[in-house]
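Enquirer: One structure is given below, represented as C-alpha cells, and several questions about it will come after.
There are 2 protein chains.
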Amino acid sequence: SCWAALGSAMPDPNYREYLIKTEKSQQTGGRVLLTNAEEQLSEVLQKMKQEEMESSEFPPAMHFFKAKPLINHSSLFNLLRKMPKGGALHVHDFALVDVEWLVKNVTYRQHCYVCFTDDQSVRFIFSSHQPKPIPHCSEWILLETVRAKIDNTTDLDNGLISNLTLYTDNPEAAYPNQDVVWKRFEETFLAAWGLVTYAPVFKDYFFEGLKRFNADNVMYLELRALLPQTYELNGTINDRFWTLRAYQEVLTQFVAEHSDFFGARVIFTANRGINASQLKEVIEEAVKLQREFPEIMAGFDLVGREDTGRPLWYFKEPLSLPEQLGVSLPYFFHAGETDTQGTDVDQNILDALLFNTSRIGHGFALVRHPTTKALSRKMGVAVEVCPISNQVLKLVSDLRDHPAAVLMSEGHPLVISSDDPAIFGASGLSYDFYEAFVGIAGLTSGAGTLKELAINSIRYSSLSPQQKEEALSIWQKKWDKFVVENLP
Amino acid sequence: SCWAALGSAMPDPNYREYLIKTEKSQQTGGRVLLTNAEEQLSEVLQKMKQEEMESSEFPPAMHFFKAKPLINHSSLFNLLRKMPKGGALHVHDFALVDVEWLVKNVTYRQHCYVCFTDDQSVRFIFSSHQPKPIPHCSEWILLETVRAKIDNTTDLDNGLISNLTLYTDNPEAAYPNQDVVWKRFEETFLAAWGLVTYAPVFKDYFFEGLKRFNADNVMYLELRALLPQTYELNGTINDRFWTLRAYQEVLTQFVAEHSDFFGARVIFTANRGINASQLKEVIEEAVKLQREFPEIMAGFDLVGREDTGRPLWYFKEPLSLPEQLGVSLPYFFHAGETDTQGTDVDQNILDALLFNTSRIGHGFALVRHPTTKALSRKMGVAVEVCPISNQVLKLVSDLRDHPAAVLMSEGHPLVISSDDPAIFGASGLSYDFYEAFVGIAGLTSGAGTLKELAINSIRYSSLSPQQKEEALSIWQKKWDKFVVENLP
Ligand SMILES: [Zn+2]
Ligand SMILES: [Zn+2]
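Here is the structure:
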C-alpha cells in the first residue's frame with residue numbers, strides 16, 4: 201500500500217514497543233525472571249484472565265457478595281486456590297473461620313446462652329449456670345433448650361449466622377454508606393465475642409483458622425490480635441499471658457500435624473478509641489509481652505475505624521515510649537484506610553512511617569500522598585492491600601479503580617491480604633488474590649506478578665532473615681510443583 | 201508532664217511539618233503565590249469545604265443525580281458559580297444546552313415532526329411536508345397537531361425530555377453497568393440529532409450554549425464538534441463548510457453582544473467506529489478545514505466509547521497523514537476513558553502522546569501508566585478531567601476515588617471540564633468544578649488550586665501565545681474582582 205512508502209512520519213514502532221516494555225517492567229512482577237515452565241503458565245493465566253475480562257459480568261467490577269458465585273465457578277480462581285501464596289500478613293483474630301462453623305459447631309456446644317439486643321443483634325455466653333442479664337439485651341436463653349423445643353432450627357441458625365457476618369444478597373441496599381456498614385461491621389465482632397473468648401473455643405477457633413488458611417495454600421500467618429482475656433465455664437478469667445500462650449500451644453500442635461505449615465506470629469492490637477494515657481498502659485504491657493514471647497509476638501498496631509478515631513499523631517507520646525525506654529516494639533500500623541483527603545486522619549500514613557512502621561495496613565490513601573509514597577518506597581515499607589475489605593467497607597466500588605492498581609503499576613512494595621475474610625463471606629486468601637490479580641493487576645500481569653506477590657509475603661514478613669530464607673525455600677518447592685502440575 | 205522531658209525519642213515535629221509542607225506544595229495550586237486577599241478567601245473556602253465534608257451526606261461521594269439538589273443548596277457551589285473559571289476545553293457540540301430548552305423551545309417550533317422508535321426512543325425532523333418514514337420508527341407525527349389535540353402537554357414533553365438526557369431519579373437501577381449506560385448515552389444523541397442539525401436550530405443551539413457557559417462565568421470554549429451536515433426545511437443539505445461558517449458567524453454575533461466573552465474554537469471530531477480508509481478521507485477533509493478556517497478550527501479528535509472501539513494504533517496510518525504531507529493538524533485525543541488495564545485500548549494514552557496530542561481527553565487510566573504519565577508531564581500535555589461524566593458513565597462511583605486525586609496531588613498538568621453537561625443534568629462548568637474542588641482536591645486545597653485550574657484552562661488551550669496573554673489579563677481582572685467581592 202501507499203502507506204508503507206510514507207512510513208517515516210509515523211511514530212517509531214520500536215520506540216513505542218520500548219516504552220510499553222519499560223512500563224511493563226515497572227509493574228509488580230515485571231522484573232521477575234521466569235523459567236520456561238513459568239512462561240508457559242503465564243500464557244495460560246493471561247488467556248484465562250482475558251476470557252474473564254471479556255465476559256459480560258466481570259467479577260472485580262461487581263460487589264464481592266454478588267461476584268462470589270461467579271468467582272467460585274472461575275477456573276482461574278480455582279487455579280489461584282491451588283497456588284502456594286506464601287503468608288497472609290493482615291488478618292484479624294476473630295475473622296479467620298467461616299461463621300457457619302461458629303453457629304453449627306460452637307453454638308451447639310453445651311452451656312451456650314444467647315440474648316437478643318435492643319438493636320436486633322445477639323450476644324453469647326457459655327456458663328455453667330443461668331448468667332446475669334446484661335444491659336440492652338433480653339434474658340439469657342440456653343440454646344440447647346430452645347433448639348429442643350423447635351422442629352426446624354434452620355431459621356434460628358440462619359438468623360444467628362446473619363448477625364456474625366456482613367454477607368447479604370443486596371449489599372447496596374443494606375449498606376447505603378460507610379457509617380452504616382462500619383456500625384454493622386463492629387456489631388459482628390460484638391456478636392461473636394462471647395463465643396470466641398470462651399477459653400476452649402478460643403483455642404479451637406485458632407486451630408480451625410489455621411486449618412482454613414493451610415487448606416487455601418497459605419503457609420504462614422501474621423495475626424492482628426486483641427489478645428483478650430478469655431473465660432472458663434465457671435467464670436474464671438484468663439489474662440493476656442494465657443492468651444498468647446494459648447496461641448503458641450495451638451500453633452505448636454497444628455504445625456506438628458501439618459508439617460508443611462510454616463507458622464504464625466501475632467501483632468498485638470488495641471482499639472484507637474482509647475486515650476493517650478490508656479495507650480501508655482497498653483504499650484507498657486505490649487513491651488512486656490514482646491520480651492516474654494519474642495518468638496510468637498511480632499509487634500503492635502492500633503485498630504478500628506480511622507475516619508472516626510483519633511489520628512496517630514494524637515498518640516505520639518505513648519508511641520514514643522518503647523524507643524525512649526530503649527526497647528524494641530515493632531509497629532504494624534493500619535493507616536490510610538480512608539477516602540477523605542487533607543484531614544488529620546489523612547496524615548496517618550506519614551506518621552506511621554515516622555514511627556518506623558514495619559508495614560502499612562491498607563494504605564488506601566497512599567497514592568494521594570506523593571511525598572509519603574516515596575518515603576514508604578525508600579524505607580522498603582510494604583502496603584498490605586486487602587481488596588475485598590476495602591470494597592465491602594465502601595472505600596471503593598469497582599475494584600479496577602482500587603488505588604493498588606497504581607501501586608502495582610509502579611512496582612511499589614506490597615502484599616495481598618484478606619483482613620476479615622469470615623465477616624466478608626470470603627475465606628483464606630484466594631478470593632483477595634483473585635481480585636488483585638484479575639481486577640487490579642491488569643491483563644499484562646502474569647506468573648511473574650503472582651510469584652512476586654507470594655515472595656513479598658515472606659520478604660516483608662516479621663520473620664528473621666534466617667527464617668525468611670527457610671520459608672522461601674519451602675515456598676519455592678511448593679511453587680515449582682504448582683507450576684509443573686498446572687502446565688497446559 | 202513527664203513526656204516533655206523525654207521528647208527526644210519522638211519523631212521530630214519540624215521534620216514532620218517539613219514533609220507535610222513539601223507534599224502540599226506538590227499539589228495543583230500548591231506553588232501559587234497568593235495575595236493577602238486570596239489567602240483570606242482561601243480560609244473561607246476551606247472552612248466551607250470542611251463543613252461539607254462533615255455533613256452526613258457528602259455530595260462527591262454520591263451519584264451526581266442524587267447529589268445535585270444538595271449541591272444546588274451549597275454556598276460553596278454558589279461561590280464557584282460566580283468564580284471566573286477561564287475556559288471549558290472539553291465539551292461536545294450537542295450537549296451544551298439543557299434539554300428542557302430543546303423540548304420547550306425547539307420542538308414547539310413550526311414543522312417539527314416526531315417518531316417513536318422500536319426501542320422506546322424518539323427521532324425528530326423538521327419538514328415542510330410529511331416526511332418519508334424511517335426504519336424501526338413509527339410514522340412521523342407533527343407535534344403541533346398532537347399538542348393541539350391534548351389538554352395537558354406536560355406528560356408528552358417530560359417523555360421527550362427523558363429521551364434526551366441520562367438524568368433520572370434512580371441511576372443505579374436504571375444503569376446497572378457500563379454497557380447499558382453507554383447504549384442510553386448514544387441514544388440521547390440520536391434522539392437530539394434531527395433537532396440540532398436543523399440549520400436554524402443549529403445556530404440557535406450554539407448561541408444558547410455560549411449564553412449558558414458565559415452565564416456560568418466561563419469566558420472561552422473549545423468545542424469537540426462533529427461538524428455534521430445540516431438541513432433546511434425544504435430538504436436542502438448544507439456541508440461541513442457551512443457548519444464551520446455557522447459557528448464562526450454565531451460566535452462573532454455572541455461576542456459582539458457579550459464583550460467580556462473571549463471566544464471559542466472547534467476541535468473537529470469523528471467517531472472511532474469508522475475504519476482506517478474512512479478516517480483517511482476524514483483527515484484529508486480536516487486538513488482542508490484547518491487551512492480554510494485557521495482561526496476557529498483548533499484540530500482533530502476521535503470520539504465514541506473507547507472500550508468497544510478501535511484503538512488509536514489501529515489508525516496509525518491515517519493519523520500520520522498530516523505530518524507526511526507536511527501540514528499541521530493538532531490532535532486533542534480522547535484517551536484512557538477506561539477501567540480496563542493492559543488491553544490494546546489501554547495503550548491509547550501512550551499512542552495519543554506519540555501522535556503529539558495537545559491534550560488528553562479524560563486520561564482516566566493515566567495513573568496506572570507510570571511511564572506514560574511521566575511522558576505526558578515532560579511534554580506538558582494536560583489531562584482534561586471531567587468528573588461528572590466519568591461518574592455517570594460508571595468509570596468511578598465515589599468521586600473521592602477519582603484518579604485525578606492522584607494527578608492533583610502530584611501537580612500533574614490538568615484542566616477541569618464538563619464533557620456533556622446537558623446529558624448529565626449538569627450545566628456549564630461549575631458542577632464539575634465543585635466535584636473537583638470539594639471531592640477530588642482534598643481539604644488542604646484552597647484558592648491556589650482554583651486559581652491554577654482557571655489559569656491552566658488558558659495555558660493549555662489551543663490559543664496562540666498572544667491570545668493567551670490577552671485572555672489571561674482579562675481573566676485576572678475578573679478574578680481580582682471575584683476575590684474582593686467575596687471576602688468575609
Ligand atoms: Zn485490618
Ligand atoms: Zn468527551
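Going line by line, the protein sequences match chains A and B. Just so you know, we're using this note's numbering here: the first sequence kicks off at 201 and counts up by one. Just so you know, we're using this note's numbering here: the second sequence kicks off at 201 and counts up by one. The beta-carbon is built from N, C-alpha and C at its ideal position, and this holds for glycine as well.
#1: Leaving out the 5 sequence neighbours to the left and right, which residues in its chain are closer than 6 Å to Leu-479(B) when beta-carbon positions are compared?
#2: Note the first and the last residue of the continuous beta strand (DSSP E) segment covering Ala-582(B).
#3: In this structure, does DSSP put Asn-656(A) in helix, strand or coil?
#4: Is the beta carbon of Leu-342(A) sitting closer than 8 Å to the one on Thr-307(A)?
#5: What is the rounded straight-line gap between the Cα of Ala-205(A) and the Cα of Arg-659(B)?
#6: Of the choices Asp-546(A), Gly-394(A) and Ala-470(A), whose alpha-carbon is the least far from that of Lys-224(B)?
#7: Candidates Asp-319(B), Lys-304(B), Tyr-375(B) and Asn-590(B): which alpha carbon is nearest Arg-347(B)'s?
#8: When Cβ atoms are compared, which residues of the stretch 512 to 528 of chain A fall closer than 7 Å to chain B?
#9: Report the neighbours of Phe-555(A) on chain B: residues whose CB is nearer than 7 Å to its CB, in chain order.
#10: Rounded to whole angstroms, what's the CA-CA distance from Leu-553(B) to Leu-512(B)? Just pull it up for me.
#11: Does the Cβ of Val-503(A) lie closer than 7 Å to at least one heavy atom of ligand 1?
#12: With a 10 Å radius around its C-beta and 16 neighbouring C-beta atoms as the bar for buried, classify Lys-349(B) as buried or exposed.
#13: Which residues, in chain order, does the stretch 211 to 228 of chain A contribute to contact with chain B at a C-beta distance below 8 Å?
#14: With a cut-off of 8 Å, does the C-beta of Met-579(A) fall near any C-beta of chain B?
#15: Would you grab the beta carbon distance between Phe-413(A) and Leu-629(A) for me? Rounded to a whole angstrom, and I think it's under 8 Å.
#16: Going along chain B, which residues have a C-beta under 7 Å from Leu-423(A)?
#17: Considering only heavy atoms of ligand 1, does any lie closer than 7 Å to the CB of Arg-510(B)?
#18: Any beta-carbon of chain B closer than 8 Å to the one on Gly-642(A)?
#19: Residues in its own chain within less than 6 Å of Asp-369(A) by CB, not counting five upstream and five downstream?
#20: Quick one: does Ala-552(A) have its CB under 8 Å from some CB of chain B?
#21: If the cut is a Cβ gap below 9 Å, which residues of chain B does Ser-597(A) touch?
#22: Taking 8 Å as the cut-off, decide whether the C-beta atoms of Leu-270(A) and Phe-637(A) are in contact.
#23: Assuming Ser-609(B) and His-569(A) form a contact by the criterion Cβ under 8 Å, report the distance between their Cβ atoms to the nearest whole angstrom.
#24: Taking the beta carbon of His-273(B) as the centre, do at least 16 other beta carbons fall within 10 Å, making it buried, or is it exposed?
#25: Given 7 Å as the limit, tell me if Arg-465(B) has its C-beta closer than that to any heavy atom belonging to ligand 2.
#26: Leaving aside the five residues before and after Ile-361(A) along the sequence, list all residues of the same chain whose C-beta is less than 7 Å from its C-beta, in chain order.
#27: Examine chain A for any beta-carbon lying closer than 8 Å to the beta-carbon of Asp-619(B), and answer yes or no.
#28: Would you tell me roughly how many angstroms separate the C-alpha atoms of Leu-687(A) and Glu-243(A), rounded to the nearest one?
#29: Please list the terminal residues of the continuous beta strand (DSSP E) segment that includes Thr-572(B).
#30: Could you spell out the range, first to last residue, of the beta strand (DSSP E) harbouring Tyr-313(A)?
#31: Within 10 angstroms of the Cβ of Ala-647(A), are there 16 or more other Cβ atoms? Answer buried if so, exposed if not.
#32: Spell out whether any CB of chain B is found under 8 Å from the CB atom of His-569(A).
#33: Does Thr-543(A) have its Cβ less than 8 Å from a Cβ in chain B?
#34: For the putative contact between Val-396(B) and Tyr-405(B), defined by C-beta atoms under 8 Å, what is the C-beta separation to the nearest angstrom?
#35: For chain B, check one thing: does any of its Cβ atoms lie closer than 8 Å to the Cβ of Leu-206(A)?
#36: Using a Cβ-Cβ distance under 8 Å, would Ser-673(B) count as near chain A?
Expert: Quick answer:
#1: Phe-515 and Pro-518
#2: 582 to 585
#3: helix
#4: no
#5: Residue placement at Ala-205(A) is poorly supported in this model, since its pLDDT is 42, which falls under 50; the coordinates still yield a value, given next. So the alpha carbons of these two residues sit roughly 38 Å apart.
#6: Asp-546(A)
#7: Lys-304(B)
#8: Lys-516, Glu-517, Ser-520, Glu-523 and Gln-524
#9: Pro-211
#10: 11 Å
#11: yes
#12: exposed
#13: Pro-211, Tyr-215, Arg-216, Leu-219, Ile-220, Thr-222, Glu-223 and Gln-226
#14: no
#15: 7 Å
#16: Those within 7 Å of Leu-423(A) in chain B number zero; the least Cβ separation is about 27 Å.
#17: no
#18: yes
#19: none
#20: no
#21: Val-596, Ser-597, Asp-598 and Asp-601
#22: no
#23: 7 Å
#24: exposed
#25: no
#26: Val-299, Glu-300 and Val-303
#27: no
#28: 10 Å
#29: Per DSSP, Thr-572(B) belongs to no beta strand (DSSP E); it is in the alpha helix (DSSP H), 570 to 578.
#30: 312 to 316
#31: buried
#32: yes
#33: yes
#34: 5 Å
#35: Low confidence applies here, because Leu-206(A) scores a pLDDT of 43, under 50, leaving its location unreliable; read the following figure in that light. Judged by the 8 Å Cβ criterion, Leu-206(A) is in contact with chain B.
#36: no
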